[in-house]
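**Student:**
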Amino acid sequence: MGTLTKSLCGALIWLVLVTVGAAQAASTQPFLLLDATRMASYKAAYKRGSAPEMEQVKSVLSQADKALQHDVYTVTSKAKLPPSGDKHDFMSQAPYFWPDPSKPDGKPYIQKDGLVNPESKELKDDAALAGVCKDVKTLALAYYFSGDEKYATQAARQLRGFFLDPATRMNPNLNYGQGIPGTTEGRSYGIIQTRHLVEIPEALALMSGSKSVDEKLVSGLKTWFSQYTEWLTTSKLGVAEGNTKNNHGTFYDLQVVDFALFTGNKTLARTTLEKQTVPRVALQFAPDGGQPLELARTRPWNYTSMNLQGWVQLAVLARQAGVDLWQYRTADGRGLQKGVEWLQPYLRREKQMDRADVTPTSNHTALMLYQRAAQEYPSLNAPQVLALYPDFKSTPWEI
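Residues -25 to -1, 1 to 374 (mature numbering (1 follows the signal peptide of the UniProt record, and there is no 0)) are what the sequence shown spells out, left to right.
(1) Just list the alpha helix (DSSP H) runs in the stretch 316 to 354, keeping only unbroken ones of 4 residues or longer that don't cross its boundaries, in chain order.
(2) Given a cut-off of 8 Å on the beta-carbon distance, is the pair R274 and D332 in contact?
(3) What is the DSSP secondary structure of M29, reduced to helix, strand or coil?
(4) Is there at least one Cβ from chain C nearer than 8 Å to T204's Cβ?
(5) Under 8 Å: do the stretch 260 to 277 and the stretch 303 to 319 share three or more Cβ pairs, one atom per stretch?
(6) Which value, in whole angstroms, describes the spacing of the CA atoms of W286 and P79?
(7) Leaving out five residues before and five after L355 in sequence, what residues of the same chain have Cβ atoms less than 6 Å from its Cβ?
(8) Buried or exposed: where does R304 fall if 16 or more other Cβ atoms within 10 Å of its Cβ makes it buried?
(9) Do M182 and A257 have their C-beta atoms closer together than 8 Å?
(10) Out of curiosity, what's the CA-to-CA distance linking S185 and Q133?
(11) What does a CB cutoff of less than 7 Å around G106 pick up in its chain, not counting 5 residues either side in sequence?
(12) Tell me which residue opens and which closes the alpha helix (DSSP H) that Y21 is part of.
(13) Would you kindly report the start and end of the unbroken alpha helix (DSSP H) that includes Q259?
(14) Using the three-state DSSP reduction, which class does I175 fall into: helix, strand or coil?
(15) How about Q44 and T113: are their beta carbons less than 8 Å apart?
(16) Output the residue ranges of the beta strand (DSSP E) runs that lie fully inside the stretch 216 to 251 and measure 3 residues or longer, sorted by chain position.
(17) If I'm right that V298 touches L248 with Cβ under 8 Å, what's the distance once you round it to whole angstroms?
(18) Are the CB atoms of L104 and S163 within a distance shorter than 8 Å?
(19) Report yes if the CB atom of T238 is closer than 8 Å to the CB atom of T204, and no otherwise.
(20) What did DSSP end up calling I85 once you bin it into helix, strand or coil?
(21) Within its chain, find whatever has a CB closer than 7 Å to the CB of E373; leave out the 5 residues flanking it on each side and keep chain order.
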């Protein structure tokens, strides 16, 4: 073999190795919802042996050790096929709809707001989606605090199985979410079931530097999320959900903005915030900060807290897109600050809701969002309010 040939072969081998190495290089992703400074501070306290942080991380590691034993979550293991005949399509049943006792076959099902029909749990796709998001986030936290690669390896396994593996991946659509027997195969309202997906970009950020979470995996996930965002913003069901006035609209915006920022489409994030999210303030909040659409539900405290949580998350994301939801006010004073302030007398136990939730709701979500919002609104006096709830434990990774 001549010198020139040897040189060319050597160069080709080097190029292949560099290319493969680049494809397998560890990925570094930014946080979107979590605060990198708070996370680093918490980690430093844990490393110093601070008791509260040690206790919380011990709990995370315990949960992560259990997650190591879990099989890969998929939507392809369901026994019942979606109307498309493709088991890769997500499928769920509307939880608040029950058989009509006046009809021989119970169809069409009728609504009982706030009361979950156990039959809706028989379809496992919703549980699989929630499960993969929860496990991946827990495993990512365990990796972040321990540096043990086994946690990232299992998280990567779950991510590939649910989103990327051709045999088990979920198709990036929700055409058959929250169907109602006898009425419709799928509804726009099913889209709220994918709100847990905002955990995935945070998990990837937590696992920055892991050899298991390489650029190939992250690139594949960004492609999937980009395709799902395209479906959200162009499909009939997606557009309908975007036009929904209540909490469904809030969590639609949250997903579009989060996924757009994750996939590098900052223009879409900003456009969504300016054209859809900002106008929602006048639609959802009363001048006193109450949320009439959520207060009309059978679980008013649950839905009021849940919707405000979505708004706080949107405000965190919006700042990255150059939109300030924290300080936005309508001409008559409606805004996020008023919305959070509305919670104050209830959390202080100075007032009680006019109607109790039909099923019990804890204060955890309300306290969590209240504490985060207090970083923007010092007048909330969060330490005084939180002191009334000694069992409430706050962590910087809850979103």
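Glycine included, each C-beta is placed from N, C-alpha and C at the ideal position.
**Tutor:** Taking the structure as given:
(1) 319 to 322 and 339 to 349
(2) yes
(3) helix
(4) Here chain C cannot be found, since the structure has a single protein chain.
(5) yes
(6) 43 Å
(7) A349
(8) exposed
(9) no
(10) 15 Å
(11) Y48
(12) A11 to R23
(13) V253 to Q259
(14) helix
(15) no
(16) none
(17) 4 Å
(18) no
(19) yes
(20) strand
(21) M343
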